[in-house]
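**Q**
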Amino acid sequence: MSANTPCHRSAQSSQLSNSPVTRRTTASDKKLLRCPFPYFGGKSSIVPIVNERFGEITALREPFAGSAALTLAREPVAHEALNDVNHYIVNFWRAIKSDPESVAEHAHHPVTEADLHARSTYLFRGDAVKGAQHRIAQDPEYFDPRLAGWYAWGKSCQIANAFEGVQKSKPSMRGNGVCVPVYRTQRARQLALIDWFGALAERLHNVRILYGDWQRLVSAPSSLGLFNKNSISGIFLDPPYAHSLARVQQLLGLATEISDPDRGRTDCYLCDDDKSQVDQLVADVNHWCQQSGSNPRLRIALCGYSGEHDNLVSDHSWTKHSWTTHGGWANTSKKTDTRGKENKSRETIWFSPGCVGE
Ligand SMILES: C[S@@+](CC[C@H](N)C(=O)[O-])C[C@H]1O[C@@H](n2cnc3c(N)ncnc32)[C@H](O)[C@@H]1O
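Using this note's numbering, you'd call the opening residue of the sequence shown number 1190 and step up by one each time.
(1) Just curious, the beta strand (DSSP E) that LYS1509 is in, first and last residue?
(2) At the level of alpha carbons, what is the spacing between GLU1241 and GLY1546?
(3) Less than 8 Å separating the Cβ of PHE1226 from some heavy atom of ligand 1?
(4) Identify, in the order they occur along the chain, each residue of the same chain with its Cβ nearer than 7 Å to the Cβ of PRO1299, setting aside the five sequence neighbours on each side.
(5) With respect to 8 Å, is the separation between the Cβ of LYS1232 and the closest non-hydrogen atom of ligand 1 below this value?
(6) Return yes when at least one heavy atom of ligand 1 lies under 8 Å from the C-beta of CYS1492, else no.
(7) Short check: CB of ARG1392 to CB of PRO1227, under 9 Å?
(8) Assuming PHE1281 is part of the alpha helix (DSSP H), what are its boundary residues?
(9) Let's see if you can read the secondary structure: which residues bound the alpha helix (DSSP H) around TYR1311?
(10) From the DSSP secondary-structure annotation, give me the bridge partner or partners of CYS1492.
(11) Which residue's Cα is closest to the Cα of ASP1273: LEU1261, TRP1403, LYS1344?
(12) Have a look at the DSSP bridge pairing and note the partners of TYR1430.
(13) Return the first residue and the last residue of the beta strand (DSSP E) that HIS1498 is part of.
(14) Look up VAL1367 in the DSSP assignment and say whether it is helix, strand or coil.
(15) How many Å lie between PRO1410 and ARG1488 at the Cα?
(16) With a Cβ-Cβ cutoff of 9 Å, do SER1412 and ALA1270 count as a contact?
(17) How many whole angstroms separate the CB atoms of ALA1490 and PHE1425, which I take to be in contact at a CB cut-off of 8 Å?
(18) Could you have a look at VAL1545 and say whether DSSP puts it in helix, strand or coil?
(19) Can ALA1267 and ALA1248 be called in contact, C-beta distance under 9 Å?
(20) Can you tell which of TRP1507, SER1345, CYS1544 has its C-alpha closest to the C-alpha of LEU1305?
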């Protein structure tokens, strides 16, 4: 089988496995247990706080997984599941789990702008991906290592959404592709990628990877990981942040007027319909938290911007922790007024009453 072709879990491993390569690492190599590309809204910096408040758990759920920051940084527990609605993300984690060497092969590429645009077109506008998206949804065994490797490479070459279709008049000179620091030889870099992706595959070995709406993962005791009376489940909810705090408050029945409809997130590529869908999603998550937070076997952490979910504190005995990011990708911009910079001091996590260790 060519490593260029999509495959199933049962398929033989990649071309690279024919070369004399022995993976030298295991999932215990902690520095390798991180997503190989930058991800908007990634939460690796607050993992220690969430771990402390979750304490000993038997199940872990990330319904809005993205770069899977929490799962990757924790020791495994008995029942773990990642979910995302983004098929590129789901394909990436499926492919890493099943054939890390093929993904490494496709992610191993120098940074060249012509390739970036060509691969961007292939990944985000071509028919090939429509087919892959369909198959990812229809076939739980399906993955495409080339799509996964190119996705990781492209997101590591440039800042923000440039890879996803925005052509900039001034080229960005940041981003070294996947794998930093830069290795002295091609072969050393290739081996490093195989080690890295292999360690991720080891870590994800027992992790279920789901593709769809977040609610599927929180709708029943078994999907939440509550299998018996000793089960304690950590639920890490990190939905996209609201565009309008007032609109969310109105959807929750906590306010009657919208006074700040344009208060927004850093992501500025959404149309108004999408924005109100995000606000509805945030309200739905808040509503689920109101209903589920009193379950002592659930330890729920909910991420958002300051004020988004304060009704959980005032009306439902939740606690909150505010923190500051380094501004994410927006901090790399020369402009001083980007929303990412503005939002960096507004990050908050709300913890349900079942959490420990405050
Ligand atoms: C803020 S990011 C999560 C970041 C993640 N915690 C990390 O550390 O990388 C939000 C994620 O939610 C996903 N998402 C958006 N709407 C969703 C939905 N209705 N159901 C499941 N996932 C969704 C997005 O694709 C995105 O990956």
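Note that the Cβ used here is the ideal one computed from N, Cα and C, for glycine as well.
**A** This is what the structure gives:
(1) As a working mapping, residue 1509 is identified with position 320 in the sequence shown. Where LYS1509 is concerned, the enclosing beta strand (DSSP E) stretches over 1508-1512.
(2) Walking along the sequence shown from the start, residue 1241 turns up at place 52. Walking along the sequence shown from the start, residue 1546 turns up at place 357. GLU1241 and GLY1546: Cα-Cα distance of roughly 6 Å.
(3) As a position in the sequence shown, residue 1226 is number 37, starting the count at 1. Every heavy atom of ligand 1 is 8 Å or more from the Cβ of PHE1226, so no.
(4) Along the sequence shown, one-based indexing puts residue 1299 at 110. Cβ neighbours of PRO1299 beyond the five flanking positions: GLY1366.
(5) For this step, residue 1232 is matched to residue 43 along the sequence shown. LYS1232 Cβ: within cutoff of ligand 1.
(6) Locating residue 1492 in the sequence shown gives position 303, counting from the first residue. Yes, ligand 1 has a heavy atom inside 8 Å of this Cβ.
(7) In the sequence shown, residue 1392 corresponds to position 203, counting from 1. In the sequence shown, residue 1227 corresponds to position 38, counting from 1. Not a contact, by the Cβ cut-off of 9 Å.
(8) Translated into the one-based positions of the sequence shown, residue 1281 becomes position 92. Per DSSP, PHE1281 belongs to the alpha helix (DSSP H) from 1276-1287.
(9) In the sequence shown, counting from the first residue as 1, residue 1311 sits at position 122. Looking at the DSSP string, the run of the alpha helix (DSSP H) that includes TYR1311 is 1302-1314.
(10) Here residue 1492 is taken as the residue at index 303 of the sequence shown, counted from 1. DSSP lists ILE1538 as partners of CYS1492.
(11) By one-based count along the sequence shown, residue 1273 stands at place 84. Minimum Cα distance to ASP1273 is reached at TRP1403.
(12) For the purposes of this step, residue 1430 is taken as the residue at position 241 of the sequence shown. According to DSSP, TYR1430 bridges with nothing at all.
(13) Counting from 1 along the sequence shown, the entry for residue 1498 is found at position 309. Here HIS1498 belongs to no beta strand (DSSP E), and DSSP marks it neither H nor E.
(14) Taking the sequence shown and counting its residues from 1, one reaches residue 1367 at position 178. The answer is coil: DSSP assigns VAL1367 none of H, G, I, E or B.
(15) Within the sequence shown, numbered from 1, the residue matching residue 1410 stands at position 221. Within the sequence shown, numbered from 1, the residue matching residue 1488 stands at position 299. The straight-line gap from Cα to Cα measures roughly 13 Å.
(16) In the sequence shown, counting from the first residue as 1, residue 1412 sits at position 223. In the sequence shown, counting from the first residue as 1, residue 1270 sits at position 81. For SER1412 and ALA1270, yes; Cβs fall inside 9 Å.
(17) Residue 1490 sits at position 301 when you count from the first residue of the sequence shown. Residue 1425 sits at position 236 when you count from the first residue of the sequence shown. About 5 Å; that satisfies the 8 Å criterion.
(18) The residue given as residue 1545 occupies position 356 in the sequence shown. Correct three-state label for VAL1545: coil.
(19) The residue given as residue 1267 occupies position 78 in the sequence shown. The residue given as residue 1248 occupies position 59 in the sequence shown. Yes. Within cutoff.
(20) As a working note, residue 1305 is residue 116 in the sequence shown. LEU1305 has its Cα closest to that of SER1345, out of TRP1507, SER1345, CYS1544.
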